[in-house]
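Visitor: This is the structure I want to talk about, given as structure tokens.
Residue numbers (the working numbering), protein chains in the order written: chain A, 1 to 291; chain B, 1001 to 1291.
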């Protein structure tokens, strides 16, 4: 049994809890959270009180991940995370790799769906079709980053920014806002459209009575590649998904926690791990079923 | 530079030749074929005359693959193949694994598109959605096995069996035949429909003047999984492709030849290999581009 800790208990932490509960090869040992009453597992309020675990699944905001992972890896505890700041992944991986190797632990970073399973798909598509263009189209689904950016604009009481795929990696932004008393809708809408997050995209802003009543954790991806295998053109591959966002992220983190127990010390992204390692069970049986 | 041999020069061998010619990290050293005049590379008529190569890409019929691979692996030459007899893959892998480990060589078996890239997709989908059903739908495209089965029926001069996807892993068979002089179409059509290859599928048989004029190397896949991540239902993922069949098989074999140069001795299927290993170039640069 793989002894698991969950670090952070928001939407992703809860989804990880559910996925661990369905995994016969894992045992949840402890949850790190400031919340006191979580049914089903002991709760501690600091990663320094974790105790004996094999792997910690880090479910805290991305900016806090490198620090927490570094602490845990240095104590010989393996980590998995869904760190999603694409531009920093190479540096975080390099930093965690040194600590993991020095302390005999394993880190799997950027193990969500993008970065994560989408990265595996993009890599496989490039191996099948080395020349050509890949487009990753997101949505329809809520963008956390864009929603936070709207909420920071003066006059906005609550907001939701939906990402709508328009093809070829271009996205439309549908923004729903509640206004503060006295705020002017036209002024606020203009400020949103001028924001760095929105200025390059087609953006529509709508005033609503209740942002909360629009929220839905569904999301989607359409990932396409068209190009050349060998010297043969017009080779086409496509990946589509329609999923509950935290549920998929939580499940991939749990599958990655299993894979962590099978790697040599070091830090890995998902494209550096044999896909079979994410699954429980006997390798020959898995090969019989899946190959 | 990875020194490559191509063993067998039919449709797949030619596609491998083209894909190697586009790979800057590979050099084609020799082709094993009974054909004498192949432009661009020295030709020998036996695998015993291969000389110094790093990896041999086996492009001969599946039933001949285990014997050829065993011979080469025993001489320290790594091999890749697209062996496609699903029920025997586990046994072939076990047999080649012993020989490879004894001789410091690497084998990658079943490295086409199904088995092969489809296997990687099925494995990733299971890691994302552990509970549920996966359907692999093939076509429209020519089935080699079914076509050979039709050709073996008395009265058939030439034949083509097309696989048509009907969803949920069910396939329709569209069979086009030229008759031998004096053969009775109704009798032959009935014999085809009673054949083991066709008796369980919806099968339609058509008499045509020229089977050859219908042949097209295009093929397709629609691979879908619907199920449960953690405790959340109705998670949906899908993979589609529309490709030239030998061109994709040849390209995957060449990508696998590259991966072979990065593995420890032993025999692997594609789901046992980190996807990044199929690609040329610096790992950090690939992570930056793809993760």
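From the three backbone atoms N, C-alpha and C, an ideal C-beta is built for every residue, glycine too.
#1: Starting from residue 125 of chain A and walking both ways along the beta strand (DSSP E), at which residues does that stretch end?
#2: In whole angstroms, give me the CA-to-CA distance for residue 84 of chain A and residue 112 of chain A.
#3: Check the Cβ of residue 250 of chain A against every Cβ in chain B and list those closer than 9 angstroms, keeping chain order.
#4: Using a Cβ-Cβ cut-off of less than 8 angstroms, list which residues of the segment 1042–1070 of chain B approach chain A; keep chain order.
#5: For the 8 angstroms Cβ check, are there 3 or more pairs between the segment 1236–1247 of chain B and the segment 236–246 of chain A?
#6: What residues are listed by DSSP as bridge partners for residue 138 of chain A?
#7: For chain A, check one thing: does any of its Cβ atoms lie closer than 8 angstroms to the Cβ of residue 1278 of chain B?
#8: Answer with yes or no whether the minimum CB distance from residue 1265 of chain B to chain A is below 8 angstroms.
#9: Tell me the residue span of the beta strand (DSSP E) that contains residue 292 of chain A.
#10: Look up residue 1200 of chain B in the DSSP assignment and say whether it is helix, strand or coil.
#11: Starting from the Cα of residue 257 of chain A, find the closest Cα among B:1208, B:1090, B:1127, B:1275 and give me that residue.
#12: Which chain B residues sit within Cβ distance under 7 angstroms of residue 128 of chain A?
#13: What are the start and end residues of the alpha helix (DSSP H) that includes residue 1091 of chain B?
#14: On the DSSP letters alone, give me the boundaries of the beta strand (DSSP E) that residue 22 of chain A sits inside.
#15: Could you pull the start and end residues of the alpha helix (DSSP H) that residue 145 of chain A belongs to?
#16: Compute every distance between the C-beta of residue 185 of chain A and the non-hydrogen atoms of the ligand SAM, then say whether any falls below 7 angstroms.
#17: Which residues bound the alpha helix (DSSP H) around residue 250 of chain A?
#18: Quick one: Cα of residue 131 of chain A to Cα of residue 1168 of chain B, how far?
#19: Of the choices B:1163, B:1230, B:1181, whose alpha-carbon is the least far from that of residue 1198 of chain B?
#20: So which of B:1001, B:1038, B:1034 has the shortest CA-CA distance to residue 1017 of chain B?
#21: Hey, could you find the ends of the beta strand (DSSP E) residue 7 of chain A is sitting in?
#22: Using the rule of at least 16 other Cβ atoms within 10 Å of the residue's Cβ for burial, across every protein chain shown, is residue 137 of chain A buried or exposed?
#23: Under 9 angstroms, CB to CB, which of the residues in the segment 147–167 of chain A have a partner in chain B?
#24: Output the distance between the C-alpha atoms of residue 191 of chain A and residue 171 of chain A, rounded to the nearest integer angstrom.
#25: Out of curiosity, what's the CA-to-CA distance linking residue 210 of chain A and residue 152 of chain A?
#26: Residue 58 of chain A to residue 1227 of chain B, Cα distance in whole Å?
#27: So with Cβ pairs under 8 angstroms, would you call residue 237 of chain A a contact of chain B?
#28: Keeping to the same chain, check which residues put their C-beta closer than 6 angstroms to that of residue 193 of chain A; ignore five residues upstream and five downstream.
#29: Does DSSP put residue 1169 of chain B in a helix, a strand or coil?
#30: Decide if the segment 1025–1040 of chain B is in contact with the segment 267–277 of chain A; the criterion is three or more beta carbon pairs, one per stretch, under 8 angstroms apart.
#31: Count the other CB atoms within 10 Å of the CB of residue 219 of chain A; is the residue buried (16 or more) or exposed (fewer)?
#32: Judging by CA-CA distance, which residue of B:1285, B:1146, B:1275, B:1281 is the nearest neighbour of residue 1116 of chain B?
#33: Note down, in chain order, every chain B residue with its Cβ under 8 angstroms from the Cβ of residue 12 of chain A.
#34: Is any beta-carbon of chain B found at less than 8 angstroms from that of residue 290 of chain A?
#35: According to the neighbour-count rule (16 or more other Cβ atoms, all chains shown, within 10 Å of its Cβ), is residue 286 of chain A buried or exposed?
#36: Would you list, in chain order, the members of the segment 1166–1185 of chain B that have their beta-carbon closer than 7 angstroms to a beta-carbon of chain A?
Guide: Once the coordinates are examined:
#1: Reading the first chain from its first residue, position 125 is the one you call residue 125 of chain A. Counting along the chain, residue 125 of chain A falls outside any beta strand (DSSP E), though it belongs to the alpha helix (DSSP H) covering 117–128.
#2: Taking the first chain and counting its residues from 1, the one referred to as residue 84 of chain A is at position 84. Taking the first chain and counting its residues from 1, the one referred to as residue 112 of chain A is at position 112. Between residue 84 of chain A and residue 112 of chain A, the C-alpha separation is close to 8 angstroms.
#3: As a position in the first chain, residue 250 of chain A is number 250, starting the count at 1. Here the neighbours are 1229, 1230, 1232.
#4: none
#5: yes
#6: Here residue 138 of chain A refers to the residue found at position 138 when the first chain is read from its first residue. Residue 138 of chain A is bridged to A:221.
#7: Here residue 1278 of chain B is taken as the residue at index 278 of the second chain, counted from 1. True, the Cβ-Cβ gap to chain A drops below 8 angstroms.
#8: Working through the second chain from its first residue, we reach residue 1265 of chain B at position 265. Closer than 8 angstroms: no.
#9: Because chain A spans 1 through 291 in this model, residue 292 of chain A falls outside it and cannot be assessed.
#10: What you label residue 1200 of chain B is simply residue 200 of the second chain in a count that begins at 1. Three-state result, residue 1200 of chain B: coil.
#11: For the purposes of this step, residue 257 of chain A is taken as residue 257 along the first chain, with counting starting at 1. Taking only the C-alpha atoms, the option nearest residue 257 of chain A is B:1127.
#12: Here the question's residue 128 of chain A lines up with position 128 in the first chain. The answer, in chain order, is 1117, 1248, 1251, 1252.
#13: In the second chain, residue 1091 of chain B corresponds to position 91, counting from 1. It spans 1089–1103 - the alpha helix (DSSP H) in which residue 1091 of chain B sits, taken as one unbroken run.
#14: Stepping through the first chain from its first residue, residue 22 of chain A is reached at position 22. Note, residue 22 of chain A: premise wrong, no beta strand (DSSP E); not H, not E.
#15: Residue 145 of chain A sits at position 145 when you count from the first residue of the first chain. First-last of the alpha helix (DSSP H) with residue 145 of chain A: 144–151.
#16: By its list of ligands, the structure shown contains no ligand whatsoever, and the ligand SAM lies outside what it can speak to.
#17: In the first chain, residue 250 of chain A corresponds to position 250, counting from 1. Bounds of the alpha helix (DSSP H) holding residue 250 of chain A are 245–260.
#18: Residue 131 of chain A sits at position 131 when you count from the first residue of the first chain. Residue 1168 of chain B sits at position 168 when you count from the first residue of the second chain. Residue 131 of chain A and residue 1168 of chain B: Cα-Cα distance of roughly 32 angstroms.
#19: Within the second chain, residue 1198 of chain B is the residue found at index 198, counting from 1. Out of B:1163, B:1230, B:1181, B:1163 has the C-alpha closest to the C-alpha of residue 1198 of chain B.
#20: The residue labelled residue 1017 of chain B in the question sits at position 17 within the second chain. Looking at the Cα atoms, B:1038 is the closest of the given residues.
#21: To locate residue 7 of chain A, count along the first chain from 1; it is residue 7. Segment 2–7, the beta strand (DSSP E) holding residue 7 of chain A.
#22: Residue mapping note: residue 137 of chain A aligns to position 137 of the first chain, counting from 1. By the 10 Å Cβ count, residue 137 of chain A comes out buried.
#23: none
#24: For this step, residue 191 of chain A is matched to residue 191 along the first chain. For this step, residue 171 of chain A is matched to residue 171 along the first chain. Their backbone Cα atoms lie some 19 angstroms apart in a straight line.
#25: Counting from 1 along the first chain, the entry for residue 210 of chain A is found at position 210. Counting from 1 along the first chain, the entry for residue 152 of chain A is found at position 152. Approximately 18 angstroms, taken between the alpha carbons.
#26: Walking along the first chain from the start, residue 58 of chain A turns up at place 58. Walking along the second chain from the start, residue 1227 of chain B turns up at place 227. Their Cα atoms are separated by approximately 25 angstroms.
#27: Taking the first residue of the first chain as position 1, residue 237 of chain A is located at position 237. At least one chain B Cβ lies under 8 angstroms of residue 237 of chain A.
#28: As a position in the first chain, residue 193 of chain A is number 193, starting the count at 1. Excluding sequence neighbours, residue 193 of chain A sits near 203.
#29: For this step, residue 1169 of chain B is matched to residue 169 along the second chain. Coil, per DSSP.
#30: no
#31: Taking the first chain and counting its residues from 1, the one referred to as residue 219 of chain A is at position 219. So residue 219 of chain A ends up on the buried side.
#32: Along the second chain, one-based indexing puts residue 1116 of chain B at 116. When only C-alpha atoms are compared, the closest one is B:1275.
#33: Here the question's residue 12 of chain A lines up with position 12 in the first chain. Neighbours of residue 12 of chain A on chain B: none; closest Cβ ~11 angstroms, over 8 angstroms.
#34: Looking up residue 290 of chain A in the first chain gives position 290. With 8 angstroms as the cut-off, residue 290 of chain A counts as an interface residue toward chain B.
#35: In the first chain, the residue the question calls residue 286 of chain A occupies position 286. Burial state of residue 286 of chain A is buried, judged by a 10 Å Cβ sphere holding 16 or more other Cβ atoms.
#36: Going along the segment 1166–1185 of chain B in chain order, one finds no residue with a Cβ nearer than 7 angstroms to chain A.
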